[in-house]
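Sequential numbering of the sequence shown, starting at -3, is according to the working numbering.
Everything below concerns the one structure shown next.
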Amino acid sequence: MAPATDGAPATDPAPATNGPPATDATPARVGIAGLKLGYQVVAACALAIVSVAACAHIAMLFLHVAPSNTLTKQHGDVIDDWIYPEFEQNWKLFAPNPLQQNVAVQARAELRTAGGEMRTTDWYELSAEDGAAIDGSLLPSHTQQNELRRAWDFYVGSHDAKNRPVGLRGQLSEQYLRRIAYLRLDRKAPGGKGDEIANVQLRSKITNVRPPKWSEEKVSAKPSYRQLPWWPVKPEDLPLGKGPEDKSRSPESKNRSQGPVRTVAQTKGNAP
């Protein structure tokens, strides 16, 4: 402290500063605010479009799973076009009467024998086979759980009680169900050597779930059946390598079509 002179009060000298002088720099902008004005407008428009699309998608899903109402009756076609096939839902909101039936899908085949005769197989319990494969499995496959069940629901939902297609999805459901039936039956090899599956047929066996003992509800224990017509197996239903064009070609003809095969030794001997 400097000594006071002439009665003036003593003052402390200003503290010395070693660092750079303080500046009033503004913090750097991040996110959309850090972009130029033109890019900010583009980003804001993209964000608005995504938000509107997400809200519209949620609204369509809600109307799809909600009970029938005025909007779904007036704009059902628009909702279906948005939902199917990518966003299909198999559940409903506020379901007052859950399914109380067991539906088992069965299939059989009509074989064309090597002698040209036709023979019909017994019914195969496809749903029971899937259930047996799932029972006790810690990681059951999605195919075993849902493929056959969803295919049958798809067919029933796109056909009337007389098995007539309703809308454009009817033919697609027939194709899908027919191919599943053929593949499942073909794995079992129901015929002898030289026999081929010419036609397939499916049916559902519907049995009511028994009510609990304390309930007074009475249901029939007799099963009911819904039998579909015979479907001929078409070339496009066959797996790869089983089409008629592949069966008609012998290994010799395939080799001839590919031309002469040069072995490695021949190739090395002809090399300069």
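For each residue, glycine too, the CB sits at the ideal point set by N, CA and C.
Every value quoted in this text rests on a predicted model; they were computed, and no experiment measured them.
**Report entry** residue 183 (DSSP reduced to helix, strand or coil)
**Finding:** Taking the first residue of the sequence shown as position 1, residue 183 is located at position 187. Looking at residue 183 - three-state DSSP - the assignment turns out to be helix.
Query raised in the report: Leaving out the 5 sequence neighbours to the left and right, which residues in its chain are closer than 8 Å to residue 228 when beta-carbon positions are compared?
Result: For the purposes of this step, residue 228 is taken as residue 232 along the sequence shown, with counting starting at 1. Excluding sequence neighbours, residue 228 sits near 194, 195.
Requested in this report: Count the other CB atoms, across all protein chains shown, that sit within 10 Å of the CB of residue 102; report buried if there are 16 or more and exposed otherwise.
Outcome: Residue mapping note: residue 102 aligns to position 106 of the sequence shown, counting from 1. By the neighbour-count rule (16 or more Cβ atoms within 10 Å), residue 102 is buried.
Query - Through-space distance from residue 144 to residue 123, alpha-carbon basis - result: By one-based count along the sequence shown, residue 123 stands at place 127. By one-based count along the sequence shown, residue 144 stands at place 148. If I take the Cα positions, the gap works out to 7 Å.
Query raised in the report: Is DSSP giving residue 241 helix, strand or coil here?
Result: The sequence position of residue 241 within the sequence shown is 245, counting from 1. Annotation note: pLDDT 49 at residue 241 (below 50); position unreliable, coordinate value reported separately. Residue 241: helix per DSSP, three-state reduction.
Report task. Taking all protein chains shown into account, decide if residue 176 is buried (16 or more other Cβ within 10 angstroms of its Cβ) or exposed. Result -> If you number the sequence shown from 1, residue 176 lands on position 180. It is buried - the Cβ of residue 176 has at least 16 other Cβ atoms within 10 Å.
Query raised in the report: Any idea which residues DSSP pairs residue 98 with across the strands?
Result: Within the sequence shown, numbered from 1, the residue matching residue 98 stands at position 102. Per DSSP, 203.
Report task. Pick helix, strand or coil for residue 120, following the three-state DSSP scheme. Result -> Residue 120 sits at position 124 when you count from the first residue of the sequence shown. In the three-state DSSP reduction, residue 120 falls in the strand class (E or B).
Requested in this report: Would you give the residue range spanned by the beta strand (DSSP E) that residue 222 belongs to?
Outcome: Position 226 of the sequence shown holds residue 222. Where residue 222 is concerned, the enclosing beta strand (DSSP E) stretches over 220 to 223.
Query raised in the report: Residues in its own chain within less than 6 Å of residue 206 by CB, not counting five upstream and five downstream?
Result: Counting from one through the sequence shown, the residue named residue 206 turns up at place 210. Within its own chain, no residue has a Cβ closer than 6 Å to the Cβ of residue 206 once the five positions on either side in sequence are excluded.
Query raised in the report: With distances taken from CA atoms, which of 97, 88, 59, 28 is nearest residue 204?
Result: By one-based count along the sequence shown, residue 204 stands at place 208. Per the Cα distances, 97.
**Report entry** Neighbour-count burial assignment, residue 150, 16 or more Cβ in a 10 Å radius
**Finding:** On the sequence shown, position 154 is the one that residue 150 refers to. Buried.
Query raised in the report: Which residue comes first and which comes last in the alpha helix (DSSP H) that contains residue 26?
Result: Translated into positions along the sequence shown, residue 26 becomes position 30. In this chain, residue 26 is not harboured by any alpha helix (DSSP H), its DSSP state being neither H nor E.
Requested in this report: Measure the alpha-carbon distance for residue 131 versus residue 138 and round it to whole angstroms.
Outcome: As a working mapping, residue 131 is identified with position 135 in the sequence shown. As a working mapping, residue 138 is identified with position 142 in the sequence shown. Residue 131 and residue 138: Cα-Cα distance of roughly 13 Å.
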